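Asker:
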Amino acid sequence: MFKNHKLDPKKFFKDRDGDGIIDTIDVQIHLSPSCSNPKVLSSIMDLSACLGFETMGMDLPFVKADHKKDPSFQHHLFLGLNDELQAFGLKGNRCDYFLGGKSETDLAKKIKKFATAIISRGAKRDKERTLKIGRRRRKGFDLLNPFSIHGFYTGSTQIPLPIFASYKILLFSHLDLETAAEAANFSARFGLETLFIDLPLTFFIEDKQKGAKPFIYIGKKEDLNKIGLKKYETSFKSDWKSGVFLLPSKRRVPDVLVCGEGEGLKEILNDLSRIPMSSKGGEAPVFNAIKKYFSELREFISRRKERTNIPRKVVREYIIPNEKKEILEIIKRRLEKEPEKITSIVIQIFMTRPEAVRRNIERQFKKWVSQFGIEVNRVKITVLNAYKPGLSWIKEVVLKEIKELNVDRIEIAFKEFHKKGLEEPLRWLQEIHPVDEILSRGLSISKNKIEFKKTTQLKEVYRFRAWRKGKVVYERSFSPKWIAQPYLTPFQRAAKVHPTTGWIEMKINGKEITTQRIKTGIEKIWEIYQRDILRLIEKEMKKVLSGKRRFLPGPVFDELRFDVYFYYPMEPLKIDEERISPLEALHEDIYFVTLDYFSNLLKNKGISNLSLGRILPIIHPGNRGEDERFKFTLVHRRKKPQSFREAVETQITLNEILFKWSKTEIDFSLEIERGNDLKKLKDQLTYFNLSGDRDFRITKISKDEFGRRKLRAHAIGKGFKLKNQLIRKIGRLEDIPDDRPIGYRESLKLIHSFDGIQGIKVIREGRSFEGRSLYSLEHTYPYQSAFISHAKQIIFKPTFFINCRHHANEISSTNAGFKLSYLLTQAPQYRRLLKRVNVVINPMENPDGVVLLKEMLKNTPTDKLHAARYNGAGQEYYEEYFNPKTPFGEARAKSSIWERWLPDICVDNHGFPSHEWEQPFSGYSPYRYRDFWIPRALVYLYLPHLKGKNRSQTRFNTEALRHCLGKNISKDKRVIILNRRYSERYWKYRRRWLERSSCIPEGVEFLPLQKKFQKINYAILHPHITTIDFISEVADEVTRGRQLKSCISAHLQINLAVINLLNNLSLRVKKILLSDGKNNRFIWYRQRPLKFFGIDENRMP
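Residue numbers for the sequence shown follow the numbering used here, so the first one is 41 and each next one is one higher.
1) My output table needs one value for GLY430: the three-state DSSP class, helix, strand or coil.
2) CA-CA distance, GLU624 and GLN959?
3) Which whole runs of the alpha helix (DSSP H) in the segment 311-384 are 4 residues long or more, in chain order?
4) If you follow the beta strand (DSSP E) that ALA453 is in, where does it begin and where does it stop?
5) Report buried or exposed for VAL1074, applying the criterion of at least 16 other Cβ atoms within 10 angstroms of its Cβ.
6) Which residues bound the alpha helix (DSSP H) around THR726?
7) So VAL877 and LEU1102 are supposed to be a Cβ contact under 8 Å. How far apart are they, rounded?
8) Among the candidates GLY811, ARG772 and ASP779, whose CA atom is the shortest distance from the CA of PHE794?
9) Starting from ASP1161, trace the alpha helix (DSSP H) both ways and give me its first and last residue.
10) At which residues does the alpha helix (DSSP H) containing ASP55 begin and terminate?
11) Nearest CA to the CA of ASN225: which residue from SER289, ILE84, GLY191 and PRO78?
12) Can you tell me the Cα-Cα spacing of ALA453 and HIS538, whole angstroms?
13) Can you tell me whether LYS149 is helix, strand or coil according to DSSP?
14) Three-state secondary structure (DSSP) at LEU1001?
15) Is the beta carbon of GLU402 sitting closer than 8 Å to the one on ILE421?
16) Grab me the residues of GLU1033's own chain with a C-beta within less than 6 Å of its C-beta, minus the 5 sequence neighbours each way, in chain order.
17) According to the neighbour-count rule (16 or more other Cβ atoms, all chains shown, within 10 Å of its Cβ), is PHE836 buried or exposed?
18) What residues in its chain sit with their C-beta under 6 Å from that of ASN1095, if we drop five residues either side in the sequence?
19) Just the C-alpha distance for GLU810 and ARG601, rounded to the nearest angstrom, thanks.
20) Rounding to the nearest angstrom, what Cα-Cα distance links THR495 and GLU456 in this structure?
21) May I ask you to report which of helix, strand or coil DSSP gives PHE972?
22) For MET85, name the three-state secondary structure that DSSP assigns.
23) Measuring CB atoms only, is the segment 653-671 touching the segment 357-374, in the sense that at least three cross pairs come out at less than 8 Å?
24) Between LEU978, ILE1040, ASP1116 and GLN1050, which has its C-alpha nearest PHE1070's C-alpha?
25) What are the start and end residues of each continuous beta strand (DSSP E) run of 3 or more residues lying completely inside the segment 537-623, in chain order?
26) Any contact between the segment 784-794 and the segment 881-900? By contact I mean 3 or more CB pairs, one from each, below 8 Å.
27) Note down the Cα distance separating LEU100 from ALA228, rounded to an integer number of angstroms.
28) Sort VAL437, GLY180 and ASN644 by Cα distance to PHE518 and report the nearest one.
29) Could you check if PHE24 is buried or exposed, using at least 16 other CB atoms within 10 Å of its CB as the buried criterion?
30) Tell me which residue opens and which closes the beta strand (DSSP E) that GLN404 is part of.
31) How long is the line joining the alpha carbons of GLU1077 and ARG780, rounded to whole angstroms?
32) Tell me whether ILE620 is buried or exposed, calling it buried when 16 or more other Cβ atoms sit within 10 Å of its Cβ.
33) Would you kindly report the start and end of the unbroken alpha helix (DSSP H) that includes THR495?
34) What residue ranges within the segment 933-992 form continuous beta strand (DSSP E) runs of no fewer than 3 residues, ordered along the chain?
35) What distance in whole Å lies between the Cβ atoms of THR529 and THR1142, which are believed to be in contact at a cut-off of 8 Å?
36) Going by Cα to Cα distance, which pick from VAL596, ASP66, LYS720 and PRO325 is closest to GLY759?
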């Protein structure tokens, strides 16, 4: 009798990394000849599936057709009849186990019993009925992603995870021992990738259960008639060695056939069980080749539908006269008409020019006026800025006059603005921002000694008083010049706006002789824009909407470009990021007013869900000495643009993969939408086959008998071998820039630098609207096992999803995302955090916007550039996340990542302007975004459920996250200093007046999630899956250098705080048993949403 040790299933599994999760099978199963008996093999396949079900990872093969021991396995289990095992009994050591039987029937029963014992360990019956889950209906089978809910498994109505195993395995042939071992390895992989197993799983053809459940048929080519495939004989006449087939069926889910002759069946089972998988599906060389071929085919079909006509352009160009000549002419005319002798002259001019230019104009005018015989010291000419004139007056006139007075206190009183229009009552205070810090620096006094006072008692707009030792030593008043005009000239009923304007006031011998408006160059541009360009846009839009094109997806126009050639380089105020930049304000006005104008047009025409197209105000600020001009270019769309090919693409379904020695053959179906011509599709297939060097060559095209709008094609390809993966050497952390934005091309280099690095997968998510590749970075702990279950990674560990750069001009999140990826892959103290959490990063959601931003940054490298925030169609695409037919691939990427990973916590890393956001022609502070006029802080966050019930779990979770985030952000002292400084400034200029707030917020501010974001918030839409979905905001539009480093640091600390929080959670994963007496069903289950109870102190490195 052979020596046997007690079978202990605990010893058959191993936790290699010590994270408390079984991540490999540590037993090798050795088969004896009797194991090829179909009934015994069915039991062995169930045992293998149970072993796979118990672990998150495995190495293959662990089932072998011989008794040679692989030293990588510590334990060995020998299966067979008693007399077959007898010879090994004396040689067995304490790690060898034997499971035998008197007969094949007895052996099969014992193996099944042992399989049940393994899978029943720790399983609890669902007495409380916690699993109230319904099966999700599905259709078809994705042969390129077999171990997924689109393949062998089905998701629930609530969670798209493999919670149900749709298939049973049916053996219809007697297999040789080596093929039987590969079949057992296949069933082990089947058990590994699912969260649900229904026993018994495997049957022999004679024991086939009645019912409509689909089957995976495994057997020899010569035995096809046993499963009734004789009527499909024509489909299998070709000389193939092995293959995987979807059997024609009228059911929603087809049967799958795994078949071959001789060695072919063993090889195809080997290949199936060892398919490398990512979260997006199979990654085997042949699978990748097929996916590439199908992608090329879709692209070719879409291109053939397009017309190659050149898009029509409409161009208008205007020369902008310099107001200097006009002012000079007025002065000359007045001086020549003056009858009396001129003894003194005082001139005050308002024009929108840089300070250095205005000082030069003062000198030129003074010299020119003195030619009329007036003494130089009797000539006073002041040229103030028509843009922010109050600030110009205080900074350039008042500051000089009080410089030597040694003042110790200042009060600036201002009038409220009460004209009916888009301006706020604080408009005049806003226009002198940040005057207190300018005075503080210039006079060496504390900014706290400079106060603002709102009053209605003033005759002028501003009154400036200064004290020294309690006595008023200086007092002056001033009023800017402004006009009233419609916000939208074509819509006269629209609200009024009151921008400041150019002006000249002239006194001769103390008598005022002229006071009149002089339009600035920027005002002239705005007048052309309102009078001509908006009308032109409406005229061209009517032409487009008059035909059927109004029903096409996407924008009306391809591009509306506004080139402004005007000399006014940005003037930094050397107070954080603040500056004087009227051209930046013009960019913002053109962009947002054009959007508003289009919105009004649509409203008047009763049209919705239509976008205008890319709006590109391009500023050329360094044009000194040349003619200043304004150029408008409207570019019409092509009638069937390439950008929309993904929205109308042909559906391609893979039906068969066949292997014929060194060649691979595929059979696939193409289905077109209603109204399309099947004959044209066939012609396109023929053209595609003749064009280019493809991996596959089509040999046959026929009409699919199972679909009216379907074609079926057969193609032959070459053999596809696994290429040796290059081991990349990732650069240094310092190679990821932290002082400038990362562009699209640079992001691709950084993304691909992570290829082949352990613990990270680079996943191609698709293409953007304009055809650029989209990628995500998936971080998991680098396991030693060759195969890891994606579904179990989600169940056994929480997942954190970080979305970056939704708005392209919010730059810092991409830098922070890449830095986090580097730390998680290269720094051991951070990599260990992945033992308890998965992290998925979408580093650049909006590449089309990023490319556009790069073009704009060439001329204006630190402007806000909101025209580059949206996608390639110039459209906000938040709501497109949930539109499966959206033409915007960038919208599909985020929803695809969420569906694959079901993250427990999501964050959108956003940004806001790093400096003042003013729009003089739109009410000064942008009327749709009042709260963003100046930065309210360096960093703040929007959290859901902040207004929830105090005792609710959702509120508790939010408060726990809030505490964790605040604590982690405070680690960067510079971030906290800047945060405080920005908060003080925001309080002084806005919050104290409008919110009547008596104190400045301490620390990091957390705000309730805005209503518009609640519609797209995963924690609100899917609270049974995602616990919290929040937004982080930093002042990064568009900053560089030290401030950008602080913004990157803030995002990084926020993201690390969440990872740390999830590291300190204790997840309770249950194995639940559901039994109806005949069948036992086991499910891995984790309660969602998360509950943040008993969180330890941070263990962040």
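C-beta atoms are modelled at their ideal positions from N, C-alpha and C, and glycine is treated no differently.
Fair warning: this is a prediction, and the values are worked out from it, not measured in the lab.
Answerer: Looking at the atomic coordinates:
1) When secondary structure is reduced to three states using DSSP, GLY430 falls in the helix class.
2) Looking at the two C-alpha atoms, the distance is approximately 9 Å.
3) Runs of the alpha helix (DSSP H) lying entirely within the segment 311-384, each at least 4 residues long, are 325-345 and 363-377 in chain order.
4) Following the DSSP letters along the chain, one finds ALA453 inside the beta strand (DSSP E) bounded by residues 449-455.
5) The residue is buried, with at least 16 neighbouring Cβ atoms inside 10 Å.
6) Secondary structure note for THR726: its alpha helix (DSSP H) is the uninterrupted segment 718-730.
7) Between LEU1102 and VAL877 the Cβ distance is about 4 Å, and since that is below 8 Å, they are a contact.
8) Taking only the C-alpha atoms, the option nearest PHE794 is ARG772.
9) Only positions 41 to 1141 of the chain appear in the structure, and residue 1161 is not among them; the question remains open.
10) Per DSSP, ASP55 belongs to no alpha helix (DSSP H) and is neither H nor E.
11) If we check each option's Cα against that of ASN225, ILE84 comes out closest.
12) Cα to Cα, the separation comes out at about 20 Å.
13) In this structure, LYS149 counts as helix in the three-state DSSP scheme.
14) Note: LEU1001 maps to helix in three-state DSSP.
15) The answer is yes: Cβ separation under 8 Å.
16) The sequence shown places Trp at residue 1033, rather than the Glu named in the question. For TRP1033, where only same-chain residues beyond five positions count, the Cβ hits under 6 Å are LEU466.
17) The C-beta of PHE836 has 16 or more other C-beta atoms within 10 Å across all chains shown, which makes the residue buried.
18) Within the same chain, Cβ atoms closer than 6 Å to the Cβ of ASN1095 are found at ILE842 and LEU860, the five residues on either side in sequence being excluded.
19) Rounded to whole angstroms, the separation of the alpha carbons of ARG601 and GLU810 is 18 Å.
20) Between the alpha carbons of THR495 and GLU456 lies a gap of roughly 7 Å.
21) DSSP places PHE972 in helix when its eight states are reduced to three.
22) Of the three classes helix, strand and coil, the one that applies to MET85 here is helix, per DSSP.
23) Contact holds between the segment 653-671 and the segment 357-374, because three or more Cβ pairs, one in each stretch, are under 8 Å apart.
24) Of the candidates LEU978, ILE1040, ASP1116 and GLN1050, GLN1050 places its Cα closest to the Cα of PHE1070.
25) The qualifying runs are 543-548, 551-557 and 597-605.
26) With a cut-off of 8 Å, the segment 881-900 and the segment 784-794 count as touching, because enough Cβ pairs lie within range.
27) For LEU100 and ALA228, the distance between alpha carbons rounds to 9 Å.
28) It is VAL437 whose Cα lies nearest to the Cα of PHE518.
29) Outside the modelled stretch of the chain, which goes from 41 to 1141, sits residue 24, for which no answer is possible.
30) In the DSSP assignment, GLN404 falls outside any beta strand (DSSP E) and within the unbroken alpha helix (DSSP H) covering 395-409.
31) Each residue's CA atom was taken as its position, placing GLU1077 and ARG780 some 11 Å apart.
32) ILE620 should be labelled buried.
33) THR495 -> not in any alpha helix (DSSP H); beta strand (DSSP E) instead, spanning 490-495.
34) Runs of the beta strand (DSSP E) lying entirely within the segment 933-992, each at least 3 residues long, are 945-953 and 979-983 in chain order.
35) The requested residue 1142 does not occur in the structure, where the chain is confined to residues 41 to 1141.
36) The candidate whose alpha carbon is nearest that of GLY759 is PRO325.
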